[in-house]
Structure formats: C-alpha cells, structure tokens
Amino acid sequence: MSNPFNKSAFEEAVGHTFTLPFDNGETLNLELDSIKTNPNLNSDKQECFSAYFSGPAEKGLIQGSYVMDHEKMGRLHIFLVPIAKDEKGYQYEAVFNRLIEEQS
1 MSNPFNKSAF
11 EEAVGHTFTL
21 PFDNGETLNL
31 ELDSIKTNPN
41 LNSDKQECFS
51 AYFSGPAEKG
61 LIQGSYVMDH
71 EKMGRLHIFL
81 VPIAKDEKGY
91 QYEAVFNRLI
101 EEQS
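Residue numbers 1 to 104, in full-length UniProt numbering, belong to the letters of the sequence shown in order.
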C-alpha cells in the first residue's frame, strides 16, 4: 500500500485488530472501532480524521508513538492518546491531518 495514512484505508480496517509489539516480546491488541472526519478542517487539499481504537482494561497505554502491525496496512507508527476508560477497557484516539496529493 503506497500511503496507508489516508481515511479510506482506515475505513476499510474498521473492526480489524492492530497488534502493538513491545521490546520485551509482549504484544497488545487494539481494535479499530470507528473513523470520524473533521468537516471544519477538510478541504480539497487537506484530509483530517480521527481513528478510534479500543483495548483491554488490564493494560493501558500512555500517550505516545507506537508501532502497530495490521495484516493489510503493514507496520505503522501511530501517535495514540488515551481518551477514556470504562469496565470494558481503554479507548484511544489517533488524529491524522494530511495534505492530499494532486493528481496529474
């Protein structure tokens, strides 16, 4: 995939698992729950959206950049922010704001 950081690629991955590998050999699975567009920032030259992930209650992540593996999107480096926790687990947000490449 040439540019996995576009909205359509993440929309296709909703419901999929992203695996975070750690240096100690452990892994953590997060599920991509939804994608939301920010209509106030989108234009014909700019795409802005948020990806919302959920993870287990037993292990939370602090805000930071993480390596995430996905079966189709490959290995990604994504900045995650914890935004909520309930009895089901943690929720995280990743915000993407990118320039749209012009087609020639």
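Here a beta-carbon is modelled for each residue, glycine too, at the ideal position from N, C-alpha and C.
Integer Cβ distance of residue i from residue j, believed to fall under 8 Å
i	j	result
L76	G64	Rounded, the Cβ-Cβ distance is 14 Å, inconsistent with contact.
F18	F49	Wrong, their Cβ atoms sit about 16 Å apart, outside the cutoff.
I100	K45	6 Å
I51	G89	What sits at residue 51 in the sequence shown is Ala, not Ile. In fact, because the Cβ distance is near 16 Å, the residues do not count as touching under 8 Å.
Alpha carbon of residue i to alpha carbon of residue j, nearest angstrom
i	j	result
N38	E26	34 Å
L30	E93	11 Å
F53	P82	9 Å
F10	M68	13 Å
A84	Q91	5 Å
Reduced DSSP secondary structure (H/G/I, E/B, other) of residue i
i	result
K36	strand
S8	helix
K85	strand
I62	coil
N24	coil
D69	strand
G15	coil
S50	strand
A94	strand
Given residue i as reference, the closest of the options once Cα atoms are compared
i	options	result
K36	P82, L61 and V14	V14
D23	Y90, R98, K85 and Y66	Y66
H16	K7, D33, K85 and S43	D33
Buried or exposed by the 16-neighbour rule on C-beta atoms within 10 Å, applied to residue i
i	result
E47	buried
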